[in-house]
Structure formats: C-alpha cells, structure tokens
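Asks: Per the numbering used here, the very first residue in the sequence shown carries number 5; after that it's consecutive.
Starting off with a structure, shown below.
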Amino acid sequence: MNMNPETIAAQAAHQPDLATGAVAPPIYLSTTFERDPDGEYSRGFVYSRSDNPNRHSLEHLLALLEGGDSGEAVAAAFASGSAATATVFQALAPGDHVIAPDDCYHGTARLLREVFAPWGLQTTFVDMTGPENVRDAVQPNTRMIWVETPSNPLLKITDIAEMASIAQAAGALCACDNTWASPMLQRPLSLGADLVVHSTTKYLGGHEDVTGGAVVSASDSEFFRRIRLIQNIYGAVPSPFDCWLTLRGIRTLHVRMLAHCANAGKVARFLHDHPYVAPVHYPGLPDHPGHAVAAGQMADFGGMLSFQVAGGRDAAMDVAGKVRLFVRATSLGGTQSLIEHRASIEGPDSTTPDDLLRVSVGLENADDLIADLAQALG
Ligand code: PLP
5 MNMNPETIAA QAAHQPDLAT GAVAPPIYLS TTFERDPDGE YSRGFVYSRS
55 DNPNRHSLEH LLALLEGGDS GEAVAAAFAS GSAATATVFQ ALAPGDHVIA
105 PDDCYHGTAR LLREVFAPWG LQTTFVDMTG PENVRDAVQP NTRMIWVETP
155 SNPLLKITDI AEMASIAQAA GALCACDNTW ASPMLQRPLS LGADLVVHST
205 TKYLGGHEDV TGGAVVSASD SEFFRRIRLI QNIYGAVPSP FDCWLTLRGI
255 RTLHVRMLAH CANAGKVARF LHDHPYVAPV HYPGLPDHPG HAVAAGQMAD
305 FGGMLSFQVA GGRDAAMDVA GKVRLFVRAT SLGGTQSLIE HRASIEGPDS
355 TTPDDLLRVS VGLENADDLI ADLAQALG
C-alpha cells in the first residue's frame with residue numbers, strides 16, 4: 005500500500021511486537037545474537053556494531069521517508085551527523101575532488117579542511133546559489149558535489165535538481181545535507197540527488213536529547229556498500245536507545261515541522277519589519293534571494309532563521325543576553341527556541357558576520373517569542 009510520509013512517520017514503520025503485542029517497540033540492548041545450529045544467522049542479527057533491531061528499524065524508516073516506498077532507498081545510521089558526513093567523504097578516495105558550499109555547517113567545512121585535505125581529498129568551496137560557479141569548479145577528478153540547503157547559518161538556497169544534473173554530467177555524485185529541512189519539507193533524492201545526509205540530532209530526534217546521524221542512498225549502490233563497510237568496521241554507530249529515541253521523535257515529525265514553519269514565518273516577518281534588524285535570512289520572506297527556488301523544492305520554509313543586528317557584534321551579543329524565553333545555546337530542531345551568536349561559536353576562522361544571531365524557532369506560542377525578541381531588541 006502506498007503511504008504518505010505523515011503516515012509512515014506517525015507509525016514509525018513499526019508493527020506491534022510479535023512476541024508480546026507491545027505497541028511501542030522494545031529496546032534490544034543485547035550486543036550479540038544467537039547463531040543457528042547449522043551455523044546460519046536466520047534471524048538476521050550477529051553483533052550489535054554491525055546491526056541491531058532498533059538501528060535496523062531506524063534505517064528502514066529513514067529510507068522510506070527520504071526515498072518513498074518504492075523500497076529502493078537504503079540508509080545507514082551513525083552516532084552523529086558529523087560521523088555520517090565523515091563516512092561519506094571517507095568512502096571517496098585520496099585524490100578525489102569535492103565541490104562544497106561556501107556557507108555550510110562549520111563542522112563540515114572543518115572536516116574537509118582539517119581532516120580530509122591532509123588525507124588527500126581536494127575541495128573547492130563555491131557559492132552554490134549560482135550554478136555557474138559550480139560548473140566552473142568541476143575538474144576531471146570531481147567525484148562529489150556536496151549540497152546543504154537551506155545552509156547553515158546564512159540560509160542560502162541551492163537548487164538541488166540543478167546540482168544533481170551538474171554532478172551527473174561530471175560523472176560525480178550529488179550528496180545533500182537535508183538536516184535543516186527534514187524529509188517532511190524536502191526530499192533531495194526525488195530531485196535527483198544520490199545521497200542524503202542528516203544530523204538526526206536536530207529535527208528528526210526533535211527533543212534535544214539524542215545525538216545521531218544518517219546517510220540515505222537512492223539505491224544500494226557500490227558507493228553505499230562502501231558506506232556500510234565503513235559503518236561496520238569503524239563502528240561510529242548509535243546505541244539501541246539512541247535509535248529508539250530518534251524513532252520516537254520521528255513519530256511526531258510531521259506536526260512539529262508544521263508548527264516550526266508557522267512560528268518561524270511569524271518571527272521572520274516581525275524581524276523583517278524591525279528598525280534595528282537587517283537583513284533577515286529566511287527563505288520564506290518574498291525578498292529572500294532564494295525564495296523562488298525554495299518555494300519550488302520545499303514544502304515549507306523551515307524553522308531556522310538568522311538575522312543581523314544594527315550596531316554590530318556588541319549589539320547582537322546584547323540582544324542574545326537580554327532574551328528570556330529563547331535559550332542561549334547552540335544546535336537546533338528541538339521544541340525550545342534557541343538563539344546563538346554564531347561567529348563566536350564557530351571560532352576565529354569563522355566567516356559568519358559578527359552581527360548575526362542564529363535562531364532555531366521552537367514550538368512555543370509565536371506571539372510570546374515575538375514579545376521576547378521585541379523587549380530584547382529594545
Ligand atoms: N549538518 C548540519 C546542517 C548541522 O547543522 C549539523 C550540526 O549542527 C551537523 C551536520 C552535524 O551534526 P552533529 O552535531 O549531529 O554531528
């Protein structure tokens with residue numbers, strides 16, 4: 005039966021437990037699984053680093069959410085989003101070339117510069133809002149175009165279908181970090197991407213209480229089998245309880261995303277009209293440079309935004325210091341609204357504007373959030 009993503013998520017692709025009838029899944033803490041008398045493992049599990057029933061369920065659900073129920077997509081879960089990202093780069097080979105966005109999660113840029121450049125991976129960082137910049141960066145050894153849209157922290161929008169077609173013409177793979185949108189708002193595989201990466205720490209987990217990551221592949225390709233090999237041999241895997249918590253979070257993903265988007269739209273419009281704020285980076289605003297592309301490839305514009313405060317760094321710090329409802333903390337995608345001065349979190353090599361505050365808009369009443377920002381902005 006064809007199911008819509010809301011149905012897949014709400015049921016977490018789970019059937020009541022065969023042995024007990026339990027409607028919520030049990031947590032399988034066992035690290036090892038019994039072998040049959042004939043030496044087979046007919047129940048499918050051998051050792052928990054390699055596979056575990058809770059991880060198996062999470063991977064199955066993520067593949068369905070990102071890939072639809074054709075059943076072709078496959079997923080591998082990791083102990084963090086960064087472990088998932090690193091595994092994708094590790095599955096390439098020294099000497100390969102990656103094109104990555106000039107605005108992306110700071111940790112991804114650091115992985116490429118500080119870990120994978122010494123290993124032999126070459127990276128060109130470009131502004132992907134202009135597809136010609138990406139076409140110009142293609143080299144004979146380009147093996148991957150890494151996309152992150154909306155981007156962290158400037159909410160730049162990249163045309164995924166365009167990137168996938170440039171990658172295909174170059175004989176490269178297109179991988180998309182879909183963390184900020186979640187599969188409820190954007191499905192890169194349906195737009196031609198080969199791989200999707202998630203920090204499940206964010207919207208998928210959704211409650212600021214579990215760290216995790218995932219790679220979803222459009223098919224069980226040779227490249228994905230290498231990702232599976234690294235997952236198994238390196239063992240940067242989530243615990244059964246981490247998987248269980250993430251699965252539980254995903255059950256409410258659909259309704260949470262509706263509320264995140266509605267709240268973020270209201271907060272963005274308030275900030276947009278505020279005399280001490282310019283610009284507001286939110287793709288749902290009609291004057292955002294990526295608005296049309298976002299409207300074409302996203303179901304809604306997401307719960308993340310950033311804005312720049314008149315008066316520079318000190319003024320931005322002052323606003324962050326005065327909020328009462330927003331929590332001053334890094335990360336995103338949970339029920340509580342968070343605010344952070346991004347440049348100081350990223351460190352001395354940050355290219356993020358010094359007057360920028362990044363906001364993860366939570367599930368509170370939007371009027372309360374707006375009142376809090378209004379008093380903090382003065
Ligand atoms: N990708 C994006 C877009 C992120 O925002 C983050 C973290 O903020 C990551 C990846 C890394 O995820 P994790 O913290 O789970 O390693």
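All residues carry an ideal CB built from backbone N, CA and C; glycine is no exception.
Quick caveat, the model's predicted, so the values are computed rather than measured.
Distance, Cα to Cα, residue 268 vs residue 250?
Replies: Looking up residue 268 in the sequence shown gives position 264. Looking up residue 250 in the sequence shown gives position 246. Spanning the two alpha carbons is a distance of roughly 23 Å.
Asks: On the three-state DSSP scale, how would you describe residue 152?
Replies: The residue labelled residue 152 in the question sits at position 148 within the sequence shown. Residue 152 falls in the strand class under three-state DSSP.
Asks: Buried or exposed: where does residue 45 fall if 16 or more other Cβ atoms within 10 Å of its Cβ makes it buried?
Replies: Within the sequence shown, numbered from 1, the residue matching residue 45 stands at position 41. Classification for residue 45: exposed.
Asks: For residue 379, tell me which candidate among 23, 334, 322 has the shortest Cα-Cα distance.
Replies: Taking the first residue of the sequence shown as 1, we reach residue 379 at position 375. Out of 23, 334, 322, 322 has the C-alpha closest to the C-alpha of residue 379.
Asks: Does the Cβ of residue 186 lie closer than 7 Å to at least one heavy atom of the ligand PLP?
Replies: In the sequence shown, counting from the first residue as 1, residue 186 sits at position 182. Residue 186: no, Cβ never under 7 Å from the ligand PLP.
Asks: Please find out if some non-hydrogen atom of the ligand PLP comes closer than 7 Å to the beta-carbon of residue 152.
Replies: Walking along the sequence shown from the start, residue 152 turns up at place 148. Yes, since a heavy atom of the ligand PLP falls inside the 7 Å radius drawn around the Cβ of residue 152.
Asks: What does residue 247 pair with, by DSSP beta-bridge criteria?
Replies: If you number the sequence shown from 1, residue 247 lands on position 243. DSSP lists no partner for residue 247.
Asks: Just to confirm the assignment, what range does the alpha helix (DSSP H) spanning residue 228 have?
Replies: Along the sequence shown, read from residue 1 onward, the residue named residue 228 stands at position 224. 226 to 238 is the extent of the alpha helix (DSSP H) around residue 228.
Asks: Looking at C-alpha atoms only, which residue of 50, 31, 30 is the closest neighbour of residue 38?
Replies: Sequence index remark: in the sequence shown, residue 38 carries index 34 (1-based). It is 50.
Asks: Given 7 Å as the limit, tell me if residue 183 has its C-beta closer than that to any heavy atom belonging to the ligand NAD.
Replies: Looking at this structure, you won't find the ligand NAD anywhere; what it does contain is the ligand PLP.
Asks: Just to confirm, does residue 215 get its C-beta within under 7 Å of one of the non-hydrogen atoms of the ligand PLP?
Replies: Taking the first residue of the sequence shown as 1, we reach residue 215 at position 211. Answer for residue 215: yes, Cβ within range of the ligand PLP.
Asks: Could you tell me the boundaries of the alpha helix (DSSP H) in which residue 374 lies?
Replies: In the sequence shown, residue 374 corresponds to position 370, counting from 1. Taken as a continuous stretch (DSSP letters only), the alpha helix (DSSP H) holding residue 374 covers 370 to 381.
Asks: Can you give the beta carbon distance from residue 177 to residue 139, rounded, assuming they're within the 8 Å contact cut?
Replies: By one-based count along the sequence shown, residue 177 stands at place 173. By one-based count along the sequence shown, residue 139 stands at place 135. Not a contact, Cβ separation roughly 16 Å.
Asks: Secondary structure at residue 321, three-state DSSP: helix, strand or coil?
Replies: The residue given as residue 321 occupies position 317 in the sequence shown. Residue 321: helix per DSSP, three-state reduction.
Asks: Residue 285 bridges to which residues according to DSSP?
Replies: Translated into the one-based positions of the sequence shown, residue 285 becomes position 281. DSSP, once it has assigned bridges, lists 310 as partnering residue 285.
Asks: Taking only three categories from DSSP, how would you classify residue 363?
Replies: Within the sequence shown, numbered from 1, the residue matching residue 363 stands at position 359. It is a strand residue.
Asks: Along the chain, where does the alpha helix (DSSP H) that runs through residue 3 open and close?
Replies: Nothing about residue 3 can be read from this structure; the chain reaches only from 5 to 382.
Asks: Could you give the residue range of the alpha helix (DSSP H) that holds residue 140?
Replies: Sequence index remark: in the sequence shown, residue 140 carries index 136 (1-based). Start and end: 135 to 141.
Asks: Measuring alpha carbon to alpha carbon, tell me which residue in 213, 359, 62 is nearest residue 344.
Replies: Along the sequence shown, one-based indexing puts residue 344 at 340. For the residues 213, 359, 62, the minimum Cα distance to residue 344 belongs to 359.
Asks: Give the DSSP-derived three-state secondary structure of residue 110 in the structure shown.
Replies: If you number the sequence shown from 1, residue 110 lands on position 106. Helix at residue 110.
Asks: Give the range of the alpha helix (DSSP H) segment to which residue 169 is assigned.
Replies: Counted from its first residue, the sequence shown places residue 169 at position 165. 164 to 174 is the extent of the alpha helix (DSSP H) around residue 169.
Asks: Confirm the yes/no value for this check: CB of residue 156, any heavy atom of the ligand PLP, distance under 7 Å.
Replies: Position 152 of the sequence shown, counted from the first residue, corresponds to residue 156. Checking the Cβ of residue 156 against the ligand PLP gives yes.
Asks: Ends of the alpha helix (DSSP H) at residue 67?
Replies: Looking up residue 67 in the sequence shown gives position 63. Counting along the chain, the alpha helix (DSSP H) containing residue 67 begins and ends at 57 to 71.
Asks: Can you tell me the Cβ-Cβ gap for residue 282 and residue 314, rounded? I've got them flagged as a contact below 8 Å.
Replies: For this step, residue 282 is matched to residue 278 along the sequence shown. For this step, residue 314 is matched to residue 310 along the sequence shown. With a Cβ gap of about 7 Å, residue 282 and residue 314 count as contacting.
Asks: In the DSSP assignment, what are the bridge partners of residue 101?
Replies: Numbered from 1 along the sequence shown, position 97 holds the residue referred to as residue 101. In the DSSP output, where bridge partners are listed per residue, residue 101 has 126, 146.
Asks: Checking 8 Å against the spacing of the C-beta atoms, do residue 254 and residue 65 come in under that value?
Replies: Translated into the one-based positions of the sequence shown, residue 254 becomes position 250. Translated into the one-based positions of the sequence shown, residue 65 becomes position 61. Result yes, Cβ atoms of residue 254 and residue 65 sit closer than 8 Å.
Asks: According to DSSP, what are the bridge partners of residue 131?
Replies: Taking the first residue of the sequence shown as position 1, residue 131 is located at position 127. None, per the DSSP bridge assignment.
Asks: Measuring from the CB of residue 85, is there a heavy atom of the ligand PLP at a distance below 7 Å?
Replies: On the sequence shown, position 81 is the one that residue 85 refers to. Flag set: Cβ of residue 85 near the ligand PLP.
Asks: Of all the options 13, 197, 240, 193, which has the alpha carbon lying nearest to the alpha carbon of residue 173?
Replies: Here residue 173 is taken as the residue at index 169 of the sequence shown, counted from 1. Ranking 13, 197, 240, 193 by Cα distance to residue 173 puts 197 first.
Asks: Just checking my contact of residue 91 with residue 219 at CB under 8 Å: how many whole Å lie between their CB atoms?
Replies: In the sequence shown, residue 91 corresponds to position 87, counting from 1. In the sequence shown, residue 219 corresponds to position 215, counting from 1. Residue 91 to residue 219, Cβ: 6 Å. Contact.
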